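K.L.:
Below is a structure I'd like to ask you about.
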Amino acid sequence: MKRSRIVVSLVVLATLLYAVAPLFQRDRRGGFEMGKFGRVPILLNGRIKPLDTVARNSLLIIHGKQTLSIEIGTLTAMDWLAEVLMKPAQADQRKIFVIRNPETLTALGLSPEAGKYFSFRDFVPHLQEVEQQAALAQKVEAQLRSPFQRDIIKLFERLTLYHRLENSIEVAGTSDFKRQVEELAKNIHPDPVPMKTGITTEALQSLAFLAETGYFFAIPPFPPNDDPLRWRKMGESLLMFLSDGKLHPAVQTWATLASAFQANDAATFNRTLESYCSQLQRDLPRRVWKAKVESVFNQLQPFYSAMVLYVLIFILAAASWLVWPKTLGRYALILLLVTFAIHSFGLITRMYLEGRPPVTNLYSSAVFIGWGAVLLGIFLERFFRNGIGSATAAMIGFITLLIAHHLSMDGDTMEMMRAVLDTNGWLATHVVCVTLGYASTFLAGFLALTYIVRGAFTPSLDRATASSLTRMVYGIVCFATLFSFVGTILGGIWADQSWGRFWGWDPKENGALLIVLWNAIILHARWGGLVRQRGLMVMAVFGNVVTSWSWFGVNMLGIGLHSYGFMDSAFPWLIAFVASQVALMMIGMLPLHLWRSQLAAPRRAPAPEMADATA
Amino acid sequence: MSTTLLQTSPFRALASLRLTVVCLALGMLLVFLGTLAQVNWGIHRVQARYFQSLFVYWSPPGASWKIPILPGGYLLGTVLLANLIAAHATRFQLSKKKAGIILLHLGVILLLIGQLLTGLFARETQMRIDEGQTLGYSEASREVELVVIDTTSPDYDQVVAIPEGVLAKGGKIQNPSLPFTIKIGQFMPNSQLVMRSQAPQAPPSPATQGFGKSIVVTAEPRTVRDDERDLSSAFIELEGTMGSLGTWLVSNAIPERQSFQLDGHTYSLLMRQRRFYKQFAITLLDFTHESYAGTDIPKNFSSRIRLTDLERNENREVLISMNDPLRYRGFTFYQSGFDNNDKTSILQVVKNPAMLMPYIACGLVALGLLLQFSMHLFGFVKKQSR
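Now the structure itself:
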């Protein structure tokens, strides 16, 4: 007994160590304090966030990954961003743009032999062509665009983002930004009319360009102020200096950082960064703290760790149906609890950073569906102790986090909420209820899949397991009915409060209604004796189809109040998922003698009391 | 007597769970197809054809006949309602164990009735109001009216309004306060208007008076897009005691009044969005529109208005913002949009006598489901722990 307790503690410890390991990765490249640099808060898209978030999201959008492999080793997102901001000549040579569509290559006159990776410099001769092609493609409605048109628009957006990043701190190609700022400060006679300040036309134009093109707002409010509206871009701050003669200290700081980085002077860079950070700490303690939390959160990537662990749990739990059911099942549950804690940590940190209830967009709905399903799965495992709750929960946890990972490719997953959605009360009730409805309908569906797969393909589904699965599915369907019904009606009430229409037959509303109706059908069919054990399972699997339609399908229609934009890339996956579910439903309806598990009453010696289970 | 009725086989069929399942399944099909149809037909037409109808019809393109292919929302709702009530009449007795089931179905019944009432009696209109402007009416966004305004008196106008429903029927319209009859020549719910100078080949206009002579009108199918508005037009002929006064073109595309004299009175003709006058007036003092820092993501819209009601001695300022409407005398004013460089606010004005029903229904259903399932759950936990 004692020994097993030690083993359990070791397993828990090892799992937690695995989860926090990313924090101990080195963050000094060439002596520069990149980790610290990544925690500097800036403003982008209405939200104050650490530079690290900008780096990761931008690299994700441009390159598709959060790190960049180079000839020797890898660059972290921050290493890469520092180059883009302050050493663009080097950054321009990094092969970060990926083009997989051969038509795009041909259209730009690039040879397919050159591979699929390109640097910004490779595109310089073709920028005009890209812009023209993208402008042509943009005139076509989003749903009707050809793969080439979608690809060229994407490429144009990536190039634009890169270009804007490069011109966020200094005009790309500036040799010594610090000296430039110092000279500007020396030669200017502040005047509301810029031309009277003594600045050359050329210098004025480059400041205006910097103000216009810059991607993020690097300069905090001065005097210190919590109002996000008072953050400025580098160029804007310099233009303001022309008229009022007050040079913001942060401008000099950024200029010193840029010149030091360019000159490979790590000591000056680190010293300047250190003093800037302590200044910010004094001026904006809350923002700095949040930026720090966010950058630690970025580094930990709790959802990624959880995703990997869910695979392990699924393997453990599924193996427990074949060998050592008690031991393996126990460790699967312990791991599931630890992983659930990691998943919850991620969820709660996001809620803290956003100051919002858990679900605010499609990405967070995926994270939350996984979370809800795992929570319910833990309860099931606690009661039934047969590995099914763990395995199913782990499977849904893995799939939903994988979906979330792909959804995060579009950039920042913590966007600001549009005016209509800006009410925490309704987000916390309606959205959470509906999403829990999705989670439980999926859980019931995946439990039923376990039944069908184990029953049809393995001999492991005995009658006791079958009947406990039946009770699980039935209970979860009840739960799903409750949450989807209440959530849907709460949505109606929100709509009534917001625009006076309880029900408007909007696609997303209809999707939620379909889930309610389907769950109600399952329950009524069961009560009316229209289906029994296997019928219940097949119906529960169809619940997966209905829920995936409501979750993703309706968004692909591109209409209605809830549409999040057309997601063409997900469409084939949805079709494949639906097809797989229908195939499994058909397997579920095969005559029992074709199943490998012996659920049917034995033919030779029929036992009357077991006839019931054959339904 | 009642027992014998309840035991007849048609009544049993009406009360059966099989019928419930069939109705719910058909409901799913209807909702699914109704969602897909919105891609091509827009939400308003789909709502009328699929959900607020007895049957959904199909006809091959260009044919004049149609066949019902699916029961519509009203029919399914009614059958479900009958099924529910019948089931409760035959099967369920009042008992503590059934309390949850009864409560939740009562909620569903209320929800269905509430939606039926809303479909029949609720009215959604819009108020487009400029800063500084005072309005005492709201307008239907998808319905027009023809008005004849007697502007003879310097102190007041006398208005005769003819709603779209009457215009669409055609024929002659007579009103005791007008010394002429109005003959509807052709009413086009949606149309395209072009200056005659740009379409010299067009046939001559039926209009003999007003701006209609210089405009070519072609009928168009009603728009299916939710962000577009129909341009309705009509040719109307006025007939006085001495014969025809002429034919005019009226259209909501041209908000210009066309005046003429008759028997010492001055009359104006105008087609406009149908108006609904209120017993109170609203003045837009200020409209504000905030965005998040450094973006154009809208953060909040709000309209500061003054509400004036002479009947009830109300004269106060109100702030209407997103998710925070004004409720007054049965109407609810929602911030719905803006226009004209943030100088015009668009308010959605809703009157729905059945507004409270979903709230009560929601409470009942939630309570019923909770009761029912927690009874299951506790029973289950007890059994497991034994």
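Protein chains in written order, with our numbering: chain H, 8 to 622; chain Y, -3 to 382. Each residue gets a CB set at the ideal place from its N, CA and C atoms; glycine is no exception. Since we're looking at a predicted model, the values are computed, not measured.
When the cut-off is 8 Å and only beta carbons count, does residue 120(Y) lie next to chain H?
P.N.:
Looking up residue 120(Y) in the second sequence gives position 124. So yes, residue 120(Y) belongs to the interface.
K.L.:
When the Cα atoms are used, what is the spatial distance from residue 119(H) to residue 126(H)?
P.N.:
Taking the first sequence and counting its residues from 1, the one referred to as residue 119(H) is at position 112. Taking the first sequence and counting its residues from 1, the one referred to as residue 126(H) is at position 119. Their Cα atoms are separated by approximately 15 Å.
K.L.:
Please give me, in chain order, every unbroken run of the alpha helix (DSSP H) with length at least 4 that falls completely inside the region 147 to 222 of chain Y.
P.N.:
Correct list: 160 to 165.
K.L.:
Would a check of beta-carbon distances place residue -2(Y) closer than 8 Å to chain H?
P.N.:
Your numbering for residue -2(Y) matches position 2 in the second sequence. Here residue -2(Y) scores only 49 on pLDDT, less than 50, and its place in the model is too uncertain to base an answer on.
K.L.:
Between residue 292(Y) and residue 365(H), what straight-line distance do the alpha-carbon atoms span, to the nearest angstrom?
P.N.:
Translated into the one-based positions of the second sequence, residue 292(Y) becomes position 296. Translated into the one-based positions of the first sequence, residue 365(H) becomes position 358. Cα to Cα, residue 292(Y) sits roughly 24 Å from residue 365(H).
K.L.:
Taking the beta carbon of residue 101(Y) as the centre, do at least 16 other beta carbons fall within 10 Å, making it buried, or is it exposed?
P.N.:
Counting from one through the second sequence, the residue named residue 101(Y) turns up at place 105. Buried, by the Cβ-count rule.
K.L.:
Nearest-angstrom Cα distance between residue 283(H) and residue 479(H)?
P.N.:
Sequence index remark: in the first sequence, residue 283(H) carries index 276 (1-based). Sequence index remark: in the first sequence, residue 479(H) carries index 472 (1-based). Straight-line Cα distance between these residues: approximately 57 Å.
K.L.:
Report the neighbours of residue 348(Y) on chain H: residues whose CB is nearer than 9 Å to its CB, in chain order.
P.N.:
Reading the second sequence from its first residue, position 352 is the one you call residue 348(Y). 503, 507, 508 and 509, listed in chain order.
K.L.:
From residue 419(H) to residue 64(H), what does the alpha carbon distance come to, in whole angstroms?
P.N.:
Taking the first residue of the first sequence as position 1, residue 419(H) is located at position 412. Taking the first residue of the first sequence as position 1, residue 64(H) is located at position 57. Answer to the nearest angstrom: the Cα atoms are 6 Å apart.
K.L.:
Within the continuous alpha helix (DSSP H) that includes residue 479(H), where are the two ends?
P.N.:
Translated into the one-based positions of the first sequence, residue 479(H) becomes position 472. Where residue 479(H) is concerned, the enclosing alpha helix (DSSP H) stretches over 470 to 506.
K.L.:
Pairing CB atoms from the region 438 to 451 of chain H with CB atoms from the region 479 to 499 of chain H, are three or more of them under 8 Å?
P.N.:
Result yes; three or more Cβ-Cβ pairs closer than 8 Å.
K.L.:
Would you please verify whether the beta carbon of residue 392(Y) is less than 8 Å from any beta carbon of chain H?
P.N.:
The question about residue 392(Y) has no answer, for chain Y in this structure spans -3 to 382.
K.L.:
Taking the beta strand (DSSP E) that residue 261(Y) belongs to, which residues open and close that run?
P.N.:
The sequence position of residue 261(Y) within the second sequence is 265, counting from 1. First-last of the beta strand (DSSP E) with residue 261(Y): 261 to 287.
K.L.:
Is there a C-beta anywhere in chain B that falls below 8 Å from the one on residue 295(Y)?
P.N.:
Judged by its chain identifiers, the structure shown contains no chain B, and its protein chains are H and Y.
K.L.:
CB residue 484(H) to CB residue 526(H), shorter than 8 Å?
P.N.:
Numbered from 1 along the first sequence, position 477 holds the residue referred to as residue 484(H). Numbered from 1 along the first sequence, position 519 holds the residue referred to as residue 526(H). Yes, the pair counts as a contact, with Cβ atoms nearer than the cut-off.
K.L.:
I need the boundaries of the beta strand (DSSP E) containing residue 49(H), first residue and last residue.
P.N.:
Here residue 49(H) is taken as the residue at index 42 of the first sequence, counted from 1. Residues 48 to 51.
K.L.:
Is residue 193(H) helix, strand or coil by DSSP?
P.N.:
Within the first sequence, the letter at position 186 stands for residue 193(H). Helix.
K.L.:
Under 7 Å Cβ to Cβ from residue 181(H), same chain only, skipping five residues before and after it: list those, please.
P.N.:
Counting from one through the first sequence, the residue named residue 181(H) turns up at place 174. Within the same chain, residue 181(H) has close Cβ partners 187.
K.L.:
Locate the beta strand (DSSP E) running through residue 346(Y), then write down its first and last residues.
P.N.:
Taking the second sequence and counting its residues from 1, the one referred to as residue 346(Y) is at position 350. It spans 340 to 347 - the beta strand (DSSP E) in which residue 346(Y) sits, taken as one unbroken run.
K.L.:
For the region 309 to 326 of chain Y and the region 154 to 166 of chain Y, state whether three or more C-beta atom pairs, one from each stretch, are separated by less than 8 Å.
P.N.:
With the cut-off at 8 Å, the region 309 to 326 of chain Y and the region 154 to 166 of chain Y do not touch.
K.L.:
Alpha carbons only, please: which of 296(Y), 339(Y), 287(Y) and 248(Y) is nearest the one belonging to residue 136(Y)?
P.N.:
Indexing the second sequence from 1 puts residue 136(Y) at position 140. Answer by Cα proximity: 248(Y).
K.L.:
Find the residues of chain Y that neighbour residue 53(H), judging by a C-beta separation of less than 9 Å, and give them in chain order.
P.N.:
Translated into the one-based positions of the first sequence, residue 53(H) becomes position 46. Per Cβ cutoff of 9 Å: 287, 288, 289, 290, 291, 293 and 295.
K.L.:
Is it true that the region 229 to 249 of chain Y meets the region 168 to 187 of chain Y, where meeting means three or more beta-carbon pairs spaced less than 8 Å apart?
P.N.:
In short, these stretches touch, since the Cβ pair count reaches three.
K.L.:
DSSP state of residue 243(Y), grouped into three classes?
P.N.:
What you label residue 243(Y) is simply residue 247 of the second sequence in a count that begins at 1. In this structure, residue 243(Y) counts as strand in the three-state DSSP scheme.
K.L.:
With 7 Å as the C-beta to C-beta threshold (strictly closer), list the residues of the region 22 to 38 of chain Y near chain H in chain order.
P.N.:
For the region 22 to 38 of chain Y, which is checked against every Cβ of chain H, the residues closer than 7 Å are 23, 24, 27, 28, 30, 31, 34 and 35.
K.L.:
With DSSP as the reference, identify every bridge partner of residue 236(Y), one or two as the case may be.
P.N.:
Within the second sequence, residue 236(Y) is the residue found at index 240, counting from 1. DSSP output for residue 236(Y) lists 239(Y) as bridge partner(s).
K.L.:
Would you tell me roughly how many angstroms separate the C-alpha atoms of residue 246(H) and residue 123(Y), rounded to the nearest one?
P.N.:
The count along the first sequence starts at 1 and reaches residue 246(H) at position 239. The count along the second sequence starts at 1 and reaches residue 123(Y) at position 127. Each residue's Cα considered, the two are about 43 Å apart.
K.L.:
Tell me the DSSP bridge mates of residue 123(Y)?
P.N.:
Taking the first residue of the second sequence as 1, we reach residue 123(Y) at position 127. The partner list for residue 123(Y) (beta bridge, DSSP) reads 343(Y).
K.L.:
Can you give me the C-alpha to C-alpha distance between residue 522(H) and residue 226(H), rounded to a whole angstrom?
P.N.:
The residue given as residue 522(H) occupies position 515 in the first sequence. The residue given as residue 226(H) occupies position 219 in the first sequence. Residue 522(H) and residue 226(H): Cα-Cα distance of roughly 48 Å.
K.L.:
Could you tell me whether the Cβ atoms of residue 106(Y) and residue 353(Y) are closer together than 8 Å?
P.N.:
Numbered from its first residue, the second sequence carries residue 106(Y) at position 110. Numbered from its first residue, the second sequence carries residue 353(Y) at position 357. Contact flag set, yes.
K.L.:
Assign residue 181(H) to one of three DSSP states: helix, strand, or coil.
P.N.:
Counting from one through the first sequence, the residue named residue 181(H) turns up at place 174. Three-state DSSP puts residue 181(H) in coil, outside helix and strand.
K.L.:
Do the region 374 to 384 of chain H and the region 338 to 354 of chain H meet, that is, are 3 or more Cβ pairs less than 8 Å apart?
P.N.:
Flag = yes, the region 374 to 384 of chain H and the region 338 to 354 of chain H touch.
K.L.:
With a threshold of 8 Å between beta carbons, is residue 596(H) in contact with chain Y?
P.N.:
In the first sequence, the residue the question calls residue 596(H) occupies position 589. By this cut-off, residue 596(H) is not an interface position.
K.L.:
Should residue 228(H) be labelled buried (16 or more other beta-carbon atoms within 10 Å of its own) or exposed?
P.N.:
On the first sequence, position 221 is the one that residue 228(H) refers to. It is buried - the Cβ of residue 228(H) has at least 16 other Cβ atoms within 10 Å.
K.L.:
Considering Cα atoms alone, identify which of 213(Y), 195(Y) and 207(Y) is closest to residue 185(Y).
P.N.:
Sequence index remark: in the second sequence, residue 185(Y) carries index 189 (1-based). The residue with the shortest Cα to Cα distance from residue 185(Y) is 213(Y).
K.L.:
Pick out the complete alpha helix (DSSP H) segments inside the region 361 to 423 of chain H, 4 residues or longer, and give them in chain order.
P.N.:
Fully enclosed alpha helix (DSSP H) runs of 4 or longer: 369 to 391 and 395 to 414.
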